[in-house]
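Encoded as structure tokens, the structure appears first; notes follow it.
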Amino acid sequence: MIKSPPKYLKILTRIPSSIKFGSLFDFSTTSPSIFPLPNHFQPCIQQTADQIIHHLSHHPKPEISIFFHKGFSEITDETVGRALHAVWLKGSTHLATFHMNTLINMYSKFGKFEPARYLFDTMPERNGASWNTMMSLYVRAGSYPDAVKLFRDMGDPGIEPSGYMVASLMTACSRSNDMMYEGFQIHGFILKAGLLWDVFVGTALLQFYGVYGFCSSAKSIFDEMPVRNVVTWTSLMVGYSDNGDPVEVLNVYKQMRHEGVGCSQNAFTTVIGSCALLEDESVGHQVLAHVIKSGYETNVSVANSLVSMFGSLSTVKDACYVFEHMVEHDTISWNSMVSAYAHNALWEESLRCFCLMRLVHGEIDSITLSIMLSVCGTSNTLKWGTGIHGLAVKLGLDSDVWVSNTLLTMYSEAGRLEDAKELFEGMPARDLISWNSIMAGYVLDGKCLDALKVLDNLLKMRSTMNYVTFASSLAACSNPEFLAEGKVIHTLVIMAGLHDNLIVGNALVTMYGKCGEMGEAKQVFQKMPKKDLVTWNALIGAYAENEDPDEAMKLFKLMRVERTPANYITVVNVLGACLAPNALLIHGMPIHAHTVSTGFESDDYVKNSLITMYAKCGDLNSCSYVFSRLLDKNPVTWNAMVAANAHHGDGEEALKLFLEMHRAGIGLDQFSFSAAQTASANLAILDEGQQLHCLATKLGFDSSQYVTNAIMDMYGKCGEMDDVQKMLPEPKMRSRLSWNILISAFARFGCFDKARETFHDMLKLGSKPDHVTFVSLLSACSHGGLVDEGLAYFNSMTKEFGVPAGIEHCVCIIDLLGRSGKLSEAKNFIEEMPIPPNDFVWRSLLASCRIHGNLELGRKATEHLLQFNPSDDSAYVLYSNVCAKSGNWDYVENVRGQMQLRHVKKQPACSWIKLKNVVSSFGIGDRSHPRTRQIYTKLGELRKMITEAGYVPDTTFSLHDTDEEQKEHNLWNHSERLALAYGLINAKEGLKLRIFMNLRVCGDCHSVFKFISEIIQQEIILRDPYRFHHFSSGKCSCGDYW
1 MIKSPPKYLK ILTRIPSSIK FGSLFDFSTT SPSIFPLPNH FQPCIQQTAD
51 QIIHHLSHHP KPEISIFFHK GFSEITDETV GRALHAVWLK GSTHLATFHM
101 NTLINMYSKF GKFEPARYLF DTMPERNGAS WNTMMSLYVR AGSYPDAVKL
151 FRDMGDPGIE PSGYMVASLM TACSRSNDMM YEGFQIHGFI LKAGLLWDVF
201 VGTALLQFYG VYGFCSSAKS IFDEMPVRNV VTWTSLMVGY SDNGDPVEVL
251 NVYKQMRHEG VGCSQNAFTT VIGSCALLED ESVGHQVLAH VIKSGYETNV
301 SVANSLVSMF GSLSTVKDAC YVFEHMVEHD TISWNSMVSA YAHNALWEES
351 LRCFCLMRLV HGEIDSITLS IMLSVCGTSN TLKWGTGIHG LAVKLGLDSD
401 VWVSNTLLTM YSEAGRLEDA KELFEGMPAR DLISWNSIMA GYVLDGKCLD
451 ALKVLDNLLK MRSTMNYVTF ASSLAACSNP EFLAEGKVIH TLVIMAGLHD
501 NLIVGNALVT MYGKCGEMGE AKQVFQKMPK KDLVTWNALI GAYAENEDPD
551 EAMKLFKLMR VERTPANYIT VVNVLGACLA PNALLIHGMP IHAHTVSTGF
601 ESDDYVKNSL ITMYAKCGDL NSCSYVFSRL LDKNPVTWNA MVAANAHHGD
651 GEEALKLFLE MHRAGIGLDQ FSFSAAQTAS ANLAILDEGQ QLHCLATKLG
701 FDSSQYVTNA IMDMYGKCGE MDDVQKMLPE PKMRSRLSWN ILISAFARFG
751 CFDKARETFH DMLKLGSKPD HVTFVSLLSA CSHGGLVDEG LAYFNSMTKE
801 FGVPAGIEHC VCIIDLLGRS GKLSEAKNFI EEMPIPPNDF VWRSLLASCR
851 IHGNLELGRK ATEHLLQFNP SDDSAYVLYS NVCAKSGNWD YVENVRGQMQ
901 LRHVKKQPAC SWIKLKNVVS SFGIGDRSHP RTRQIYTKLG ELRKMITEAG
951 YVPDTTFSLH DTDEEQKEHN LWNHSERLAL AYGLINAKEG LKLRIFMNLR
1001 VCGDCHSVFK FISEIIQQEI ILRDPYRFHH FSSGKCSCGD YW
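Be aware that the sequence shown starts at 1, since it is given in full-length UniProt numbering, and climbs by one per residue.
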């Protein structure tokens, strides 16, 4: 006969709230108002352990009746578990080690870590399971360092760590993201203990090395594992996926199928995600077939991945089909569908789906908001982004690190870096993605130094960094100014073991290429164990940027030999390498033919690159032809055409295109304004430049660094130094381009000392000079006659600053020496130049021969100049002037005869002035203007006025063999004087006159303008193709040295 259980055991079947606990392990029954016990309860509590076990074994609750065999492991209710524990405590019965282990596990399962640790510490005897249980508790609680410390404290030699224990520790090192070296030590222990054969240990090792980005090490461990299961294969794929190598994910998947290993849910989701990243629709459909064959098409997680994949492949209809045929939808399902719309720029559909999700599903999370925010990083969609930010605040999700990270990216991409900084500084918690996001924001905004400071902070905090961190920091060094820092980061990459990472390798190739270190870029490229299309494009683009079309083409051909398929970026880069007329015939046109045969000609970016390529090679007709054939012209196409005309010197056409673009309602951007302002600067037309400045401000583009620099350059070339300095950022905030523009503006304005001071201020603030800086600086020295300083700067350019001498620098030095009369030194310099002289070199020497009348050297310079272009009219004219100045009129006639024989026509002199929005142009002795009579009358008045003031005509500038009176008469027919007379007739009093001419101003006209500016107190700006002359109070900004 089985006795009925004691009454005190019946409390285990009653309502849990009827039990009252005091301290951790005190079981109290002293509250009659809650649960009054009968008087015979206390005697019953003294029953023996056998009786307790007997009664428990027959308890109606299964989790209690199997206590003897299972311990506390089956307890699902915390209160029942604590009551059961109390029974043993009140009965003064010691629990066996097995039961203690299950008790510890039970408390840890319910999140009661302090009681669990107390029980572990007070255990009279422990076995391996005890240590395993406690370590697992720490791992579940996120106390990863405590788990490793406990492993180190385990000193019982009789206990052998099990595979389960070691796998748990490796999981702790993986999840912490900050215990890499501890993981290495545990790996050493695994090898020593011979535990690599354990499939769970091997899989945990794979996960660890994948988390820390050591994919090659993970692959080595995988290859050494004697036993693998589907989790092992999946872990390797996840490692590659997390480190941005989807190609290798698919390789592992193919090997997995070849070995007959079936895929799990996680394996399928990883592979499908990689197909999405690669945008490989063919492989994606093959994986879909495998999913259906394996019966996973109804699995929610797999279906969610399929929706995401089809969204990435731009097949939104397929994504909708999968979504609509899913048996059930969870939050991830809806997020995937919203993401599919967002990825394909279907903004309204994504918002509609988002609203439907809130209505039907009723639940959104941080991922939902992050997806919506991720597509709001443009000026057009930012208003939606700020609205979603407000919703995040309302729902209390704004402090979520995932949402905050996406907000950082959104504000950075929208050009709102200050908002991103404010958000970052206010984040209650930051992870590595937060730091990476703000670093990327600084890089995007061109604030490279701030980006490197973020890296410095991460290093000081000893935080773990991943491939994204290094890729962003290397992008911050993609400028010769930060080459040294880039090399340091390269060292850190090697120390971190990430030198084999594909994305980091691509970033290194790009960084060295943009810094002009093509040897280093090529070396990194050759050492990379794996290369993808981005790798090839990075190196080809680097050769293009460094103006080496031959190497770019050679690499492109090698790429085709290795059967690496090109994309539109490849073609754009190769076209970008063609910068000169000779490259057009050798490379440019064949590549154009290749784009037609491969179908790339229809790509918008390729079309734009063709326009730019033809423009840079000097073939504006072909450029216009490509543009005219385009049916759908997007803003980038228009920008390319505006920039092409500006670059080719047809600024008027560039501005007309800009105006047409604006009137057609085509969206203007920072590149539109930059190109248009370049055209205004080259034409030196202040009115149009000011109008563009106003429009840029109205549309919110005045904060763009590109636009600001273009506006500064325009004001500088129009002689408005006050406006240039108003636009300047604070010295510490200036980019190198801003410094260059300021130096160039001072040089052009005749402020040579200020140009030099600005250069030294630039150095003091840590900004490193580049090729353009020294062109501006040497130009200032040349125009100012600062021979010694110019030569010193030229020498320091290569020796101290590592800037290689370019043809522009050499032209400046020849001009510097030639103008100062050191023609033999100029000739010797040409003979010793590090690069072959071009037409600009010989033209500069010939111009100096004209100034100093060196007939013999002028003849040699002319011969060299005509070798480049036998029809160059400027060569004949300059040499004719040399002959005329030295009085060799027979030579002059001979030169003119040669021009007639070769059908070379001299470019006629022309000057023009703009008054009241009307441009009036004049040639030599021009009498076609409606107000000709008044113009010549005014000239007569001016001539009389300045003659009385002491003007004496310099007839050496009248290059005809005539008498002095005729020569003087010829001088007063010069086009610039006609334009000046017309300006004085029509301009309002006090208005600054701006006159432009297509040839260099003659010395006598320069003297006339000085006299007039002093006598009538008139400011005059004269701009010729070579110099800028600002006449005021009888003085010129050039200091009479031009």
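Note that the Cβ used here is the ideal one computed from N, Cα and C, for glycine as well.
Rounded separation between residue i and residue j - CA only
i	j	result
Asp365	Val401	12 angstroms
Asp77	Ile104	15 angstroms
Asn501	Glu831	48 angstroms
Leu397	Val403	7 angstroms
Ser549	Thr232	Here residue 549 turns out to be Pro, not Ser, going by the sequence shown. Rounded to the nearest angstrom, the two C-alpha atoms are 47 angstroms apart.
Thr956	Ser744	32 angstroms
Gly1003	Asp954	8 angstroms
Asn304	Tyr253	19 angstroms
Ala484	Asn973	59 angstroms
Met797	Leu777	11 angstroms
Glu281	Ser622	37 angstroms
Asp713	Asp669	18 angstroms
Val571	Gly618	20 angstroms
Met237	Val166	22 angstroms
Leu191	Gly273	34 angstroms
Glu259	Gly71	42 angstroms
Lys799	Pro836	20 angstroms
Own chain partners of residue i with C-beta closer than 6 angstroms, once the 5 adjacent residues on each side are dropped
i	result
Ala780	Ala747, Phe752 and Ala755
His864	Trp842
Asp1024	Met997, Arg1000 and Val1001
Asp26	Only weak support is given to the placement of Asp26: the predicted model assigns it a pLDDT of 37, under 50, and the value that follows is read from those uncertain coordinates. So no residue of the chain qualifies.
Thr464	Asn177 and Asp178
Tyr411	Asp419 and Ala420
Pick from the options that is closest to residue i, judged by C-alpha positions
i	options	result
Leu351	Glu363, Glu545 and Leu369	Leu369
residue 1051	Pro60, Ala83 and Thr102	Absent from the structure is residue 1051, since the part of the chain shown begins at 1 and ends at 1042.
Phe113	Val360, Met134, Asp761 and Ala96	Met134
Lys421	Cys1002, Val300 and Thr409	Thr409
Arg977	Glu948, Thr464, Gly990 and Ser1013	Ser1013
Asn229	Asp650, Val211 and Ser264	Ser264
Glu297	Thr269, Val316 and Ser314	Thr269
Trp347	Ala83, Gly385, Ile332 and His361	Gly385
Lys732	Glu601, Gly750 and Thr758	Thr758
Phe801	Leu816, Lys768, Trp638 and Met372	Lys768
His648	Pro161, Met613, Met326 and Ala440	Met613
Asp702	Ser680, Pro729 and Ala679	Pro729
Leu306	Lys293, Ala340 and Thr331	Ala340
Cβ-based neighbour list, residue i, same chain, cut-off 7 angstroms, excluding 5 preceding and 5 following
i	result
Tyr625	none
Cys275	Val283, Gly284, Val287 and Met309
Ala987	Leu915 and Leu993
Thr381	Trp347 and Val375
C-beta atoms of residue i and residue j nearer than 7 angstroms
i	j	result
Trp536	Met518	no
Phe794	Ile813	yes
Ile935	Ile995	no
Val509	Tyr467	no
Leu250	Glu279	no
Val443	Ala471	no
Ala979	Ser911	yes
Ala640	Thr678	no
Close Cβ partners of residue i (< 8 angstroms) along its chain, the five nearest in sequence each way excluded
i	result
Leu765	Pro731, Lys732 and Arg734
Glu248	Cys215, Tyr240 and Lys530
Lys447	Leu417
Leu763	Pro769
ask   = Do the stretch 849-863 and the stretch 875-885 make contact, defined as three or more Cβ pairs closer than 8 angstroms?
value = Of all C-beta pairs linking the stretch 849-863 to the stretch 875-885, three or more are shorter than 8 angstroms, placing the two stretches in contact.
ask   = Just checking, does the stretch 713-723 make contact with the stretch 671-684 on the three C-beta pairs under 8 angstroms criterion?
value = Result yes; three or more Cβ-Cβ pairs closer than 8 angstroms.
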